[in-house]
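As they're listed, the protein sequences go chains A and B. Residue numbering for the first sequence follows the working numbering, starting at 0 and increasing by one per position. Residue numbering for the second sequence follows the working numbering, starting at 356 and increasing by one per position.
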Amino acid sequence: MKALIELYIQQFKTTIATMFAYRASLLIWMIGQVLEPLVYLIVWSIVSNASGGSVGDYTTKQFAAYFILLMLVNQVTYTWVMYEFEYRIRQGTLSFALLKPVHPIHSDIADNISSKLITTPFMVLVAGVLTAIFHPSISPALWAIALFIPTLLLAFALRFLIEWTLAQSAFWTTRVGAINQIYFVLMLFLSGQFAPLTLFPYPIQVVAYVLPFRWLISFPIDLVSGRLTLDQAFVGLGAQAAWLVISYFLFRLVWRAGTKVYAAVGA
Amino acid sequence: MNYIRMFVAFFWVAIAGEVAYRVNFFFQLFQSLVSLVVAVAGLGIIFSYTNTLGGWGHEEILALVGVYLLVGGIIGLVIQPGMQQFIESVRDGTLDFTLTKPEDAQLLVSIRQVNIWSLIDIMLGLGVLAFALVRLGEKVGGAEAGEFLLMLAAGAVIIYSFFLILATLSFWFVRVENFLTIFQSMYEAGRWPVSLYPGWLRYGLTFIVPVAFATTVPAEALTGRLTLTTIVAALGIAVFLLVVSRYFWRVGLRHYSGTSA
Numbered sequence: 000m001k002a003l004i005e006l007y008i009q010q011f012k013t014t015i016a017t018m019f020a021y022r023a024s025l026l027i028w029m030i031g032q033v034l035e036p037l038v039y040l041i042v043w044s045i046v047s048n049a050s051g052g053s054v055g056d057y058t059t060k061q062f063a064a065y066f067i068l069l070m071l072v073n074q075v076t077y078t079w080v081m082y083e084f085e086y087r088i089r090q091g092t093l094s095f096a097l098l099k100p101v102h103p104i105h106s107d108i109a110d111n112i113s114s115k116l117i118t119t120p121f122m123v124l125v126a127g128v129l130t131a132i133f134h135p136s137i138s139p140a141l142w143a144i145a146l147f148i149p150t151l152l153l154a155f156a157l158r159f160l161i162e163w164t165l166a167q168s169a170f171w172t173t174r175v176g177a178i179n180q181i182y183f184v185l186m187l188f189l190s191g192q193f194a195p196l197t198l199f200p201y202p203i204q205v206v207a208y209v210l211p212f213r214w215l216i217s218f219p220i221d222l223v224s225g226r227l228t229l230d231q232a233f234v235g236l237g238a239q240a241a242w243l244v245i246s247y248f249l250f251r252l253v254w255r256a257g258t259k260v261y262a263a264v265g266a
Numbered sequence: 356m357n358y359i360r361m362f363v364a365f366f367w368v369a370i371a372g373e374v375a376y377r378v379n380f381f382f383q384l385f386q387s388l389v390s391l392v393v394a395v396a397g398l399g400i401i402f403s404y405t406n407t408l409g410g411w412g413h414e415e416i417l418a419l420v421g422v423y424l425l426v427g428g429i430i431g432l433v434i435q436p437g438m439q440q441f442i443e444s445v446r447d448g449t450l451d452f453t454l455t456k457p458e459d460a461q462l463l464v465s466i467r468q469v470n471i472w473s474l475i476d477i478m479l480g481l482g483v484l485a486f487a488l489v490r491l492g493e494k495v496g497g498a499e500a501g502e503f504l505l506m507l508a509a510g511a512v513i514i515y516s517f518f519l520i521l522a523t524l525s526f527w528f529v530r531v532e533n534f535l536t537i538f539q540s541m542y543e544a545g546r547w548p549v550s551l552y553p554g555w556l557r558y559g560l561t562f563i564v565p566v567a568f569a570t571t572v573p574a575e576a577l578t579g580r581l582t583l584t585t586i587v588a589a590l591g592i593a594v595f596l597l598v599v600s601r602y603f604w605r606v607g608l609r610h611y612s613g614t615s616a
């Protein structure tokens with residue numbers, strides 16, 4: 000345990016040093032993180048204003064709240080591992096990570112958290128500016144605000160595990176680009192990044208609720224917007240916990256099988 | 356013309372290099388098709404709640420998506436690969452070899468790197484455009500088509516000059532690939548008419564990162580929205596940027612001393 004804590008602290012330092020060395024890459028990443036929700040916010044606001052101030056069960060101001068919160072939930076839950084893992088395997092750098100006495104996922108967790116510590120103040124600032132421009136409105140109960148943090152943390156853990164597990168497909172194929180793209184498309188529509196799920200046709204909503212996607216992004220947003228009853232909130236927490244357990248077992252399974260076929264292509 | 360012959364030659368070299376990786380075709384086709392489906396499905400959802408988006412109809416925005424794919428394909432086919440390789444060649448000094456060639460070096464670095472798989476995006480873009488135009492029917496006449504081609508050319512020149520100016524910065528700074536990546540994420544915003552965006556973003560996408568001239572303006576030409584002011588502005592900016600980028604290139608080249616060779 001003590002060794003693990005030391006590893007985390009060391010990884011924090013390394014990541015922070017690296018990130019300051021690659022400020023420009025960081026800036027590009029953040030532009031993308033802001034621009035995409037902003038574009039959808041603008042598009043849906045225009046649709047809403049054109050049809051008398053609301054679309055479905057969202058008013059213009061609620062759209063603003065939805066997409067600003069989306070930006071923040073994305074900020075808490077994003078990972079880079081789907082882009083990076085393929086490179087590690089192709090270049091064989093995973094071999095060095097395998098030599099270490101701890102699982103490589105630990106350094107990714109530490110890396111992910113420290114990158115967020117640096118970028119979050121910026122995103123909060125952007126959210127503040129967007130709030131001033133678009134006047135979002137939400138009306139959550141106190142318990143909803145209290146539950147928001149746990150759902151957010153569960154969403155982060157779940158997305159991290161899912162994306163880490165999917166990234167391991169690089170053990171078997173060098174064409175992870177296609178797999179990643181399918182995943183991103185599913186995320187775009189089923190997690191609520193493109194629009195609130197209630198605006199989609201009913202069958203799509205059902206699929207989104209059954210699969211893990213909704214519980215990654217739109218569930219925490221709906222919760223803190225005051226759109227859920229207490230029962231619905233607990234169902235959501237349960238779904239998050241259940242998917243977390245499933246993802247954990249999948250992650251273990253895939254890792255065991257993957258490291259068996261791994262042959263360090265580039266090393 | 357000599358340069359066209361050279362471009363054709365580079366094009367064949369690229370094809371020869373890629374036929375070894377034929378499976379790439381299917382993966383590229385798959386990825387392009389997926390992004391097309393995403394764009395079309397997204398529009399479908401939005402237009403199930405409204406008839407117009409900022410004054411643009413469903414088919415008109417579809418035409419814009421076609422232009423977006425088409426121009427994205429042109430950028431990916433020759434502009435971006437060329438500039439990326441140019442930046443690299445400044446860093447490792449291999450630009451020396453280009454400079455010793457008897458042809459104009461700016462032109463050489465601009466056309467010598469071709470990513471043939473972007474042809475798929477160009478084809479898909481043309482397909483979407485054709486589909487949208489059929490649906491729009493009578494509204495698009497010869498005048499619109501002419502204006503469209505003119506604005507498409509102006510847009511391509513503007514984007515090319517913009518890329519070249521950014522790339523020539525590599526004569527002074529080491530890491531400028533990042534600027535090219537910024538363009539990629541800003542280009543995404545070009546899938547919608549820039550007139551939707553609030554003022555500050557619209558100006559940013561028009562004059563700082565000229566995405567508007569690449570996608571919105573040609574689509575405006577097709578849908579009969581183009582004003583004389585826009586035509587003059589687009590042509591003026593195209594010529595201006597072309598001259599400025601040439602100037603950047605010459606000043607930069609004087610600064611270049613060959614790093615490792």
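Cβ coordinates follow ideal geometry from the N, Cα and C atoms, glycine included.
Give every residue of the same chain whose Cβ lies closer than 6 angstroms to the Cβ of residue 129 of chain A, excluding the five residues on either side of it in the sequence, and list them in chain order.
Reading the first sequence from its first residue, position 130 is the one you call residue 129 of chain A. Excluding positions up to five away in sequence, the list reads 67.
Using a Cβ-Cβ cut-off of 8 angstroms, state whether residue 158 of chain A counts as contacting chain B.
Position 159 of the first sequence, counting from 1, holds the residue named residue 158 of chain A. Using beta-carbon distances, residue 158 of chain A does not count as an interface residue toward chain B, since no partner is under 8 angstroms.
Looking only at its own chain, which residues have a Cβ that is under 6 angstroms from the Cβ of residue 468 of chain B, when we skip the five neighbours before and after it?
Walking along the second sequence from the start, residue 468 of chain B turns up at place 113. Closer than 6 angstroms at the Cβ level, and outside the excluded window around residue 468 of chain B, lie 436, 437, 440.
Under 7 angstroms between beta-carbons, which chain B residues line up against residue 46 of chain A? List them in chain order, please.
Taking the first sequence and counting its residues from 1, the one referred to as residue 46 of chain A is at position 47. Neighbours of residue 46 of chain A on chain B, chain order: 401, 404, 405, 408.
Kindly indicate which residue of B:544, B:580, B:583, B:584 has the alpha-carbon position closest to the one of residue 567 of chain B.
Numbered from 1 along the second sequence, position 212 holds the residue referred to as residue 567 of chain B. Nearest C-alpha to residue 567 of chain B among B:544, B:580, B:583, B:584: B:544.
Output needed in chain order: residues of the region 536-547 of chain B with a Cβ under 9 angstroms from some Cβ in chain C.
The structure shown contains no chain C; the protein chains it does contain are A and B.
What is the DSSP secondary structure of residue 223 of chain A, counted as helix, strand or coil?
In the first sequence, the residue the question calls residue 223 of chain A occupies position 224. Three-state result, residue 223 of chain A: helix.
When you check each C-beta in the region 168-198 of chain A against every C-beta of chain B, which residues fall closer than 8 angstroms?
Taking 8 angstroms as the Cβ-Cβ cut-off against chain B, the residues of the region 168-198 of chain A that qualify are 174, 176, 177, 180, 181, 184, 187, 188, 193, 194, 198.
Between the alpha carbons of residue 560 of chain B and residue 571 of chain B, how many angstroms are there, rounded?
By one-based count along the second sequence, residue 560 of chain B stands at place 205. By one-based count along the second sequence, residue 571 of chain B stands at place 216. Near 10 angstroms, if we compare the C-alpha coordinates of residue 571 of chain B and residue 560 of chain B.
Could you tell me whether the region 50-59 of chain A touches the region 396-405 of chain B, where touching means 3 or more Cβ pairs closer than 8 angstroms?
yes
Closer than 8 angstroms is the cut-off here; do at least three beta carbon pairs connect the region 188-207 of chain A with the region 107-120 of chain A?
Cβ pair count under 8 angstroms is below three, so no.
Is the CB of residue 34 of chain A under 8 angstroms away from at least one CB in chain B?
Here residue 34 of chain A corresponds to residue number 35 of the first sequence, with the count starting at 1. Chain B contact via Cβ: present.
Chain A beta carbons: is any one of them nearer than 8 angstroms to that of residue 554 of chain B?
Within the second sequence, residue 554 of chain B is the residue found at index 199, counting from 1. Chain A contact via Cβ: absent.
What residue range does the alpha helix (DSSP H) around residue 166 of chain A cover?
Counting from one through the first sequence, the residue named residue 166 of chain A turns up at place 167. Run containing residue 166 of chain A: 141-166, per the alpha helix (DSSP H) assignment.
For residue 54 of chain A, which residues does DSSP report across the bridge?
Position 55 of the first sequence, counted from the first residue, corresponds to residue 54 of chain A. The partner list for residue 54 of chain A (beta bridge, DSSP) reads A:57.
Going by other Cβ atoms of all chains shown within 10 Å of its Cβ, with 16 needed for buried, is residue 231 of chain A buried or exposed?
Taking the first sequence and counting its residues from 1, one reaches residue 231 of chain A at position 232. If you draw a 10 Å sphere on the C-beta of residue 231 of chain A, you find fewer than 16 other C-beta atoms in it, and that means exposed.
For residue 58 of chain A, which residues from the same chain have a beta carbon less than 8 angstroms from its beta carbon, with the 5 sequence-adjacent residues on both sides left out?
Residue numbering aside, residue 58 of chain A sits at position 59 when the first sequence is read from its first letter. 47, 52, 136.
Does the Cβ of residue 531 of chain B have 16 or more other Cβ atoms within 10 Å, making it buried, or fewer, making it exposed?
Within the second sequence, the letter at position 176 stands for residue 531 of chain B. By the 10 Å Cβ count, residue 531 of chain B comes out buried.
Can you check the region 540-610 of chain B for any alpha helix (DSSP H) of at least 4 residues that lies completely inside it and give the ranges in chain order?
554-558, 566-569, 571-577, 583-610
Bridge partners for residue 408 of chain B per DSSP, in chain order?
Looking up residue 408 of chain B in the second sequence gives position 53. Under DSSP, residue 408 of chain B forms a beta bridge with B:411.
Name, going along the chain, the residues of the region 373-402 of chain B whose beta-carbon falls closer than 7 angstroms to a beta-carbon of chain A.
382, 385, 386, 389, 393, 397, 400, 401
Hey, quick one: how far does the alpha helix (DSSP H) through residue 250 of chain A stretch, first residue to last?
Taking the first residue of the first sequence as position 1, residue 250 of chain A is located at position 251. Element bounds for residue 250 of chain A: 229-260.
With distances taken between CB atoms, is the gap from residue 394 of chain B to residue 546 of chain B smaller than 8 angstroms?
For the purposes of this step, residue 394 of chain B is identified with residue 39 of the second sequence, where counting begins at 1. For the purposes of this step, residue 546 of chain B is identified with residue 191 of the second sequence, where counting begins at 1. In this structure, residue 394 of chain B sits near residue 546 of chain B, with a CB-CB distance shorter than 8 angstroms.
Give the interface partners of residue 533 of chain B over in chain A, defined as CB-CB distance under 7 angstroms, in chain order.
As a position in the second sequence, residue 533 of chain B is number 178, starting the count at 1. Going along chain A in sequence order, the residues near residue 533 of chain B (Cβ under 7 angstroms) are 23, 24, 27.
In chain B, which residues lie less than 9 angstroms from residue 51 of chain A when you measure between Cβ atoms?
As a working mapping, residue 51 of chain A is identified with position 52 in the first sequence. In chain order: nothing, as chain B lies at least about 11 angstroms away.
What separation, rounded to the nearest whole angstrom, lies between the Cα atoms of residue 548 of chain B and residue 7 of chain A?
Against the second sequence, residue 548 of chain B aligns to sequence position 193. Against the first sequence, residue 7 of chain A aligns to sequence position 8. For residue 548 of chain B and residue 7 of chain A, the distance between alpha carbons rounds to 46 angstroms.
Measuring straight from C-alpha to C-alpha, what distance separates residue 168 of chain A and residue 371 of chain B?
Here residue 168 of chain A is taken as the residue at index 169 of the first sequence, counted from 1. Here residue 371 of chain B is taken as the residue at index 16 of the second sequence, counted from 1. About 30 angstroms.
By Cβ distance below 6 angstroms, which residues in the same chain neighbour residue 151 of chain A in space, the five residues on each side in sequence not counted?
Position 152 of the first sequence, counted from the start, is the residue given in the question as residue 151 of chain A. Closer than 6 angstroms at the Cβ level, and outside the excluded window around residue 151 of chain A, lie 75, 219.
For chain B, find out if any of its Cβ atoms is closer than 8 angstroms to the Cβ of residue 30 of chain A; answer yes or no.
Here residue 30 of chain A corresponds to residue number 31 of the first sequence, with the count starting at 1. Interface residue, yes.
Relative to chain A, which residues along the region 587-615 of chain B have a C-beta separation below 9 angstroms, given in chain order?
none
Tell me the DSSP secondary structure of residue 38 of chain A in three-state form.
Taking the first sequence and counting its residues from 1, the one referred to as residue 38 of chain A is at position 39. Of the three classes helix, strand and coil, the one that applies to residue 38 of chain A here is helix, per DSSP.
Return the residue from the list A:56, A:25, A:45 that minimises the CA-CA distance to residue 411 of chain B.
Indexing the second sequence from 1 puts residue 411 of chain B at position 56. The residue with the shortest Cα to Cα distance from residue 411 of chain B is A:45.
Would you report the Cα separation of residue 452 of chain B and residue 444 of chain B, rounded to the nearest angstrom?
Indexing the second sequence from 1 puts residue 452 of chain B at position 97. Indexing the second sequence from 1 puts residue 444 of chain B at position 89. Their Cα atoms are separated by approximately 9 angstroms.
What residues from the region 225-255 of chain A come within 7 angstroms of chain B, judged by C-beta to C-beta, listed N to C?
none
Rounded to a whole number of angstroms, what is the C-alpha to C-alpha distance between residue 413 of chain B and residue 183 of chain A?
Here residue 413 of chain B refers to the residue found at position 58 when the second sequence is read from its first residue. Here residue 183 of chain A refers to the residue found at position 184 when the first sequence is read from its first residue. The straight-line gap from Cα to Cα measures roughly 25 angstroms.
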